[in-house]
Amino acid sequence: YTKLEREGVTPAWPFGAGLSYTRFGFADARAALAPDGETIQVSVDVANEGDRAGECVVQVYAGWAETDEAQPRKRLCGFTRVALAPGGTTRAQLRVALADLAWFDAEARRWRLGARDWTIHVGGSSAAADLATASIALPERSWSIAER
Numbered sequence: 002y003t004k005l006e007r008e009g010v011t012p013a014w015p016f017g018a019g020l021s022y023t024r025f026g027f028a029d030a031r032a033a034l035a036p037d038g039e040t041i042q043v044s045v046d047v048a049n050e051g052d053r054a055g056e057c058v059v060q061v062y063a064g065w066a067e068t069d070e071a072q073p074r075k076r077l078c079g080f081t082r083v084a085l086a087p088g089g090t091t092r093a094q095l096r097v098a099l100a101d102l103a104w105f106d107a108e109a110r111r112w113r114l115g116a117r118d119w120t121i122h123v124g125g126s127s128a129a130a131d132l133a134t135a136s137i138a139l140p141e142r143s144w145s146i147a148e149r
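Each residue of the sequence shown is one higher than the one before, counting from 2 in this note's numbering.
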């Protein structure tokens, strides 16, 4: 999905899309650095907008708009499953480890997380139309190979 997105190609089926007998909506995404300083707490309202009960895989993607060719604009970094009755809503909660957002710096031989504003996308697939978003400023961090 990252290559297609970078090239502006719309896939027939976005990454993570699944078949269902109902529709789900996502709203009020939030992201905050957890007190441990090692994870991001992500939450989103999920609503079953159809007339049948169903299950949805809530997916969390993280990224930033200004990125070089080596880094994807967004990457899958977490998911959870929720079951909802027709018309039902719930607040899905997920945790994303900062280390899972890092990339490997071959010259330094360390995993790195750049200090920048990240966009957290939450929804039922990688398609932009499905996603609720939140922003979070993350500190610069690095981990040795052994720590990661």
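Heads up, the beta-carbon is just placed ideally off N, CA and C, and yes, glycines get one too. Just so you know, these numbers come straight off a predicted model, no measurement behind them.
Anyone know if the C-beta pair for V43 and V97 falls short of 8 angstroms?
yes
Is R53 helix, strand or coil by DSSP?
The answer is coil: DSSP assigns R53 none of H, G, I, E or B.
Reference F111, options D46, E56 and A103, closest by Cα
Note on residue identity: the sequence assigns Arg, not Phe, to residue 111. Measuring from the Cα of R111, the nearest candidate turns out to be A103.
By how many angstroms is the C-alpha of I146 removed from the C-alpha of R24?
42 angstroms
For A138, does the count of other Cβ atoms within 10 angstroms reach 16, so buried, or fall short, so exposed?
exposed
Please state the DSSP three-state secondary structure of D101.
helix
Please report how far the alpha carbon of V123 lies from the alpha carbon of L132, in whole angstroms.
5 angstroms
Classification of W167 by the beta-carbon crowding that lies within 10 angstroms, buried from 16 upward:
This structure leaves residue 167 out entirely; the chain is present only between 2 and 149.
Distance, S126 Cα to D29 Cα:
17 angstroms
Straight-line CA distance for D101 to A107?
Rounded to the nearest angstrom, the two C-alpha atoms are 17 angstroms apart.
Does DSSP classify D37 as helix, strand or coil?
Shown here, D37 sits in coil according to DSSP, grouped into three states, outside any helix or strand.
Let's test the definition: count the other Cβ atoms within 10 Å of the Cβ of Q60 and tell me whether it reaches 16, buried, or not, exposed.
By the neighbour-count rule (16 or more Cβ atoms within 10 Å), Q60 is buried.
Check whether V45 and F27 have beta carbons under 8 angstroms apart:
Cβ distance < 8 angstroms, so V45 and F27 count as in contact.
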